[in-house]
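J.: Have a look at this one before I ask anything.
Residue numbers (the numbering used here): 27 to 803.
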């Protein structure tokens, strides 16, 4: 039965100028708090791989010797071995651990398959030294604040590690829960719950992509009893007289077989998934069984603690991970590592996140440099998000109409979502790609106003472009609340004798990138982040409950949002998720219908129609996933110069060309001279990031380093041999290695970037009217 309407209101309405934000420009404000991501290892580690003054006709001997020495130097670093042990323990077991031990013993370890393995070490080194990460000690989290009362950049702390925290991968905890659930002795202690996306109302079962199904009396009684999750034994013994238990058991079997009821130990996605499993076990009424199960977890807990105790010792870490793997296999019968996934998932049972001992203040002079350029960019981003929202809503409306015409029934929310994969994909030909082309065409008119132009750089002026921006990118209303926040990645380029220069990395649309759990767990005050989020969303949001099996979900990152506000947010389910960690009521998507309101906009309502919400708001998180990475102001081209807006670099210099135009096939030339010459002919600087189809993320190429060129050539060969796109994109490294401002504990420079949150102050929302979350749905 649908509950009475409930109006979301913030606990303590924020003021017009919330303390967590400062004015950026016009209708935009900036969160004072920003995350600082960085490479965990100094860029100078890569210096040893370079052979800059080796003439083209010189023997390869010197290059090989220099490369080998650089490899030995890097592998001898305990931090490098520790990082590889975390990310690829098989590599340590197979050869790198033995090679490192030989180096420690006599300084002259030998390698079989030398060329391949030395190139791999060089590739891993660039990852740890040149890429800004948020993972473990090789991508520690620090925090920065935009201030009102100082100038420049001020740092406090040693820049080492302030803390290291070990977490368990969700998949590993879930594997333990599943292993326990398969034991016959535990059947009556398992948790039975309604499929979160299914609706049971008036004796009718509604499932995604299925016709409504009447329930027989036993099934209806069981469904009514499952107004909250209950243990199987409780269902069988407490609901109905003893003589009805067989009928109840059969009803449970039927509903479980159809997927309408789920039975097991559900483990919601949180940063402490083991707490949910332990809570399930701790509530088993049979004391002997309960204590026995908890005792089975003890060796695993001890092994996890042993891993945490190895910090800084790669050899001890390897042994502790092996012990942990053995305990895990003994408990579950499952391997202690996942097969290499096609998405960014944790492969080991545990992972580590770290807080760098560094706090940074960004002064008013740097904020002033950023205000007008970033404000103008955000004005164009608002247009992009608004247009995408409108186009997506039109396409969803057309899809809903076709579903209604085909079935003659009201369109279910889950049915629409599942039938709209192409619309919500953002692939070429979709609404998003059409809007992106229009966006770039409008930006082309802005680029035509350049005040300075050369082969390598173009400069725009905010004073000149601002009136044109208002004309080309008129402001409109955003169609979902999360679209009030955007997240630029900003870097600072050190310039001797001058203020640092801002460089835009990426602008993530309609998302707060601090929603990642890695930032939430490494925050000095998580409550500060939650309070800021509540102030930005005083009228609430619709948020789907993401299942752990979703391709978008990992243990460390967004989604689901880590800055979660159960007192403000309304949750809904579209598939078999594990439930919300807070226990909040979650609306079953199969019980929600989509229809047009009086203004012909799509709205979502329950079957009894006692509340309505815009479809784009209910699907807001899905729309964010579509548009988040769509901010691209120029099309791919053979060459695009560096683009500045006033003194802010808003796009780095890039080259995009077919793999076939690069000489990568000559493998007997150790230094890949022809490839290097071609890169130089194209005007590329020494350091560029390459994005090849065989690698999901860009990697650093140093034209003076033979092993770096070898890795590029290998990537080009693999790309040419694949069926994927055979084009490669190069982007200048900016800031360059000699332009970095962040110093590590030993004073050597590290790459870094700020993850910043901006808020669209021009958008006004009203409270959501939704079911009372204290009642059952």
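Ideal Cβ positions, reconstructed from N, Cα and C, are used throughout, including at glycine.
How far does the beta strand (DSSP E) with residue 532 in it reach, from first residue to last?
T.: Start and end: 524 to 534.
J.: By alpha-carbon positions, which one of 153, 120, 442, 95 ends up nearest to residue 106?
T.: For the residues 153, 120, 442, 95, the minimum Cα distance to residue 106 belongs to 153.
J.: Going residue by residue through the segment 212 to 247, where are the continuous beta strand (DSSP E) segments of at least 3 residues, counting only ones entirely within it?
T.: Whole beta strand (DSSP E) segments, 3+ residues: 217 to 220, 225 to 227, 230 to 232.
J.: Taking the alpha helix (DSSP H) that residue 149 falls in, what are its first and last residues?
T.: Unbroken alpha helix (DSSP H) run through residue 149: 140 to 156.
J.: Can you tell which of 782, 723, 716, 767 has its C-alpha closest to the C-alpha of residue 758?
T.: Looking at the Cα atoms, 716 is the closest of the given residues.
J.: Check whether the segment 381 to 400 touches the segment 164 to 180, counting contact only when three or more Cβ pairs, one atom from each stretch, lie closer than 8 Å.
T.: The segment 381 to 400 is in contact with the segment 164 to 180.
J.: Measuring CB atoms only, is the segment 545 to 552 touching the segment 482 to 497, in the sense that at least three cross pairs come out at less than 8 Å?
T.: The segment 545 to 552, when compared against the segment 482 to 497, does not touch it at the 8 Å Cβ threshold.
J.: Can you check which of these residues, 159, 225, 421, 580, is closest to residue 9 by C-alpha distance?
T.: There is simply no residue 9 to check, as the chain begins at 27 and stops at 803 in what is shown.
J.: Check whether the segment 768 to 779 touches the segment 734 to 748, taking contact to mean three or more Cβ pairs, one atom from each stretch, closer than 8 Å.
T.: Touching, no, given that fewer than three Cβ pairs across the two stretches are closer than 8 Å.
J.: Return the Cβ separation of residue 296 and residue 607 in integer angstroms, given the expectation that the two are a contact with Cβ distance under 8 Å.
T.: With a Cβ gap of about 5 Å, residue 296 and residue 607 count as contacting.
J.: Alpha carbon to alpha carbon, what distance is there between residue 108 and residue 186?
T.: Answer to the nearest angstrom: the Cα atoms are 16 Å apart.
J.: I'd like the span of the alpha helix (DSSP H) that includes residue 412, first residue to last.
T.: Looking at the DSSP string, the run of the alpha helix (DSSP H) that includes residue 412 is 390 to 433.
J.: When the Cα atoms are used, what is the spatial distance from residue 415 to residue 507?
T.: If I take the Cα positions, the gap works out to 11 Å.
J.: Going by Cα to Cα distance, which pick from 569, 502, 238 is closest to residue 786?
T.: The shortest Cα separation from residue 786 among 569, 502, 238 belongs to 502.
J.: Quick one, which of 293, 315, 314 has its alpha-carbon nearest residue 16's?
T.: This structure cannot speak to residue 16, because the chain is shown only from 27 to 803.
J.: Could you say if the segment 680 to 688 and the segment 429 to 447 meet the contact criterion of at least three C-beta pairs nearer than 8 Å?
T.: At 8 Å Cβ cutoff, the stretches do not touch.
J.: Alpha carbon to alpha carbon, how far is residue 667 from residue 713? Give it in angstroms, no decimals.
T.: Looking at the two C-alpha atoms, the distance is approximately 16 Å.
J.: Going straight from the alpha carbon of residue 801 to that of residue 627, what length do you get?
T.: Residue placement at residue 801 is poorly supported in this model, since its pLDDT is 33, which falls under 50; the coordinates still yield a value, given next. Answer to the nearest angstrom: the Cα atoms are 28 Å apart.
J.: So, are the CB atoms of residue 459 and residue 449 less than 8 Å apart?
T.: The answer is no: Cβ separation not under 8 Å.
J.: According to the neighbour-count rule (16 or more other Cβ atoms, all chains shown, within 10 Å of its Cβ), is residue 287 buried or exposed?
T.: Per the 10 Å Cβ criterion, buried.
J.: Can you round the beta-carbon distance between residue 499 and residue 650 to whole angstroms, since I take them to be within the 8 Å contact cut?
T.: Wrong, their Cβ atoms sit about 20 Å apart, outside the cutoff.
J.: Just mark residue 636 as buried or exposed, buried being the case when its beta carbon has 16 or more other beta carbons within 10 Å.
T.: Its Cβ having fewer than 16 others within 10 Å, residue 636 is exposed.
J.: Mind reading off the beta-carbon distance from residue 411 to residue 790? Whole number of angstroms is fine, and I expect it under 8 Å.
T.: That belief does not hold up - the Cβ atoms of residue 411 and residue 790 are roughly 16 Å apart, past 8 Å.
J.: Assuming the contact rule is C-beta atoms closer than 8 Å, residue 391 and residue 525 should be a hit. Round their C-beta distance to whole Å, please.
T.: Contact holds; Cβ gap of about 6 Å.
J.: What does the Cβ neighbour count give for residue 728, buried or exposed, with the cut at 16 atoms within 10 Å?
T.: The residue is buried, with at least 16 neighbouring Cβ atoms inside 10 Å.
J.: Would residue 242 be called buried (16 or more neighbouring beta carbons within 10 Å of its own) or exposed?
T.: Exposed, since its Cβ has fewer than 16 Cβ neighbours within 10 Å.
J.: Since residue 719 contacts residue 752 with CB under 8 Å, what's their CB separation in whole angstroms?
T.: Yes, residue 719 and residue 752 are in contact; Cβ-Cβ is about 7 Å, under 8 Å.
J.: For residue 237, would you say it is in contact with chain E, using Cβ-to-Cβ distances shorter than 8 Å as the test?
T.: You won't find chain E in this structure, because it holds only one protein chain.
J.: Please state if the CB of residue 633 and the CB of residue 223 are separated by a distance shorter than 8 Å.
T.: Taking 8 Å as the Cβ cut-off, residue 223 and residue 633 do not qualify as a contacting pair.
J.: Counting only runs that start and end within the segment 60 to 140, where is the beta strand (DSSP E) found for 3 or more residues in a row?
T.: Whole beta strand (DSSP E) segments, 3+ residues: zero.
J.: Please report the straight-line C-alpha distance between residue 121 and residue 589, rounded to a whole angstrom.
T.: Rounded to the nearest angstrom, the two C-alpha atoms are 42 Å apart.
J.: Of all the options 701, 690, 760, which has the alpha carbon lying nearest to the alpha carbon of residue 746?
T.: Measuring from the Cα of residue 746, the nearest candidate turns out to be 690.
J.: Apart from the five residues on each side of it in sequence, which residues of its chain come closer than 7 Å, Cβ to Cβ, to residue 370?
T.: Because the pLDDT of residue 370 is 46, which lies under 50, any placement of that residue in the model is unreliable, and the question is left without a value.
J.: In chain order, what residues of the same chain have a beta carbon less than 7 Å from the beta carbon of residue 614, not counting five sequence neighbours either side?
T.: Counting only Cβ-Cβ distances below 7 Å, and skipping sequence neighbours, we find 222, 223, 224, 225, 599, 803.
J.: Which residue wins for smallest C-alpha separation from residue 544, given the options 47, 586, 115?
T.: Ranking the options by Cα distance to residue 544, first place goes to 586.
J.: Have a look at the DSSP bridge pairing and note the partners of residue 55.
T.: DSSP output for residue 55 lists 49, 785 as bridge partner(s).
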